[in-house]
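What follows is a single structure, written as structure tokens, with notes after it.
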Amino acid sequence: MATPSSYPTTKDNPPVEYPTGDGQPMAETPIHRDNMIAMLDVLKARYAADPMVYISGNMFLYYVPGRKRRHVSPDVFLVRDIPNKERDAYFVWEEGKGPDVVFEFTSESTRDEDLDDKYNLYQDVLKVSEYFLFDPKQEYLTPSLQGFRLRSGRYVSIEPVEGRLPSEVLGLHLEREGVFLRLHDPATGQKLLTSWESLSVTEAALLVAEAEKRQAEAEKRKAEQERLLMAKALSEAKAAQLAAQADRERIQRELEELRRKLEATD
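Heads up: the sequence shown begins at 192 in the working numbering, then just goes up one per residue.
This is the structure:
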């Protein structure tokens, strides 16, 4: 890992105002924007409990002190071993290192830059451990998902494992799903969900639980009704039995009375 002393400082340089944006849209198309938002959301949820993992995107990243034009704006990037705090821009010489992982969502206007300028910058200057490119529309990259890993100072292609690109830094696997780049946890075999997908799953689970609760209550009411009907039937049967017994006893008494009267007349 690079240390602060590995980079030049601004101690003897005049103050420089570093812009935090250029006023340009976040992404070329809604598909690219949605991919960026989804990836940021999933990664931030994944590392929410780790105060020493910083995740951001579409942010100016400056890598030469005093040179405000020497910056790059990765679509999404992750840095380990620095505090997870708010930043308006990222200054490599202040943080002591560059990103560990970068994701670029390639479009028509960024294809050449992603494959050339950024590739060389991430490899030679920022020493980004892993660099992933994803073409949502499958029009500008072949294959549409590519990954590179730094080995001895040079990028080597990351080979797929069962159709997915493994990230050693993240311990996750990357895969295309429709127009989206998705992350999978090989330890669990589960796909990492966005917060809105998790909410949908939770809501669905709540709906299922509520439906099961209503069904259980309905079955309980039905069972209670059947119990009451059975109790009523048993009560009526018992009452009928008692009434029949009383009739038999009454008839028996009347017969006994009639017999006594007949005997008395003899």
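We treat Cβ as the ideally placed atom computed from N, Cα and C, and that holds for glycine.
As the structure is a prediction and not an experimental result, all values here were calculated from the model.
Rounded to a whole number of angstroms, what is the C-alpha to C-alpha distance between residue 469 and residue 279? Any property of residue 469 remains undetermined from this structure, which presents the chain solely from 192 to 457.
ask   = CB residue 351 to CB residue 317, shorter than 8 Å?
value = For the purposes of this step, residue 351 is taken as the residue at position 160 of the sequence shown. For the purposes of this step, residue 317 is taken as the residue at position 126 of the sequence shown. Going by C-beta atoms, residue 351 is not nearer than 8 Å to residue 317.
Exercise. What is the rounded straight-line gap between the Cα of residue 206 and the Cα of residue 256?
Worked result: Position 15 of the sequence shown holds residue 206. Position 65 of the sequence shown holds residue 256. Taking the straight line from one Cα to the other gives about 10 Å.
Report task. Please name the residue in 337, 436 and 287 whose C-alpha comes closest to that of residue 349. Result -> On the sequence shown, residue 349 is found 158 positions in, with the first residue counted as 1. Answer by Cα proximity: 337.
message = With a threshold of 8 Å, are at least 3 pairs of Cβ atoms found where one atom belongs to the stretch 300–312 and the other to the stretch 225–239?
response = no
_Tell me the DSSP secondary structure of residue 310 in three-state form._
Here residue 310 refers to the residue found at position 119 of the sequence shown. For residue 310, the three-state secondary structure derived from DSSP is helix.
Could you compute how far the alpha carbon of residue 390 sits from the alpha carbon of residue 321? Taking the sequence shown and counting its residues from 1, one reaches residue 390 at position 199. Taking the sequence shown and counting its residues from 1, one reaches residue 321 at position 130. Those two C-alpha atoms are separated by around 31 Å.
Residue nearest to residue 274 in terms of C-alpha spacing, selected from 247, 451 and 233: Indexing the sequence shown from 1 puts residue 274 at position 83. When each option's Cα is compared against that of residue 274, the closest is 247.
Handout entry: Own chain, CB closer than 7 Å to residue 263, minus 5 neighbours either side, in chain order
Key = On the sequence shown, position 72 is the one that residue 263 refers to. Cβ within range, chain order: 252, 309 and 312.
Check your understanding: Would you report the Cα separation of residue 433 and residue 452, rounded to the nearest angstrom?
Key -> To locate residue 433, count along the sequence shown from 1; it is residue 242. To locate residue 452, count along the sequence shown from 1; it is residue 261. Rounded to whole angstroms, residue 433 to residue 452 spans 29 Å at the Cα level.
Which complete alpha helix (DSSP H) runs does the stretch 209–257 hold, if anything under 4 residues is left out? Fully enclosed alpha helix (DSSP H) runs of 4 or longer: 221–237.
*asked:* Using only the alpha-carbon positions, how far apart do residue 427 and residue 403 sit?
replied: Taking the sequence shown and counting its residues from 1, one reaches residue 427 at position 236. Taking the sequence shown and counting its residues from 1, one reaches residue 403 at position 212. Each residue's alpha carbon lies about 35 Å from the other.
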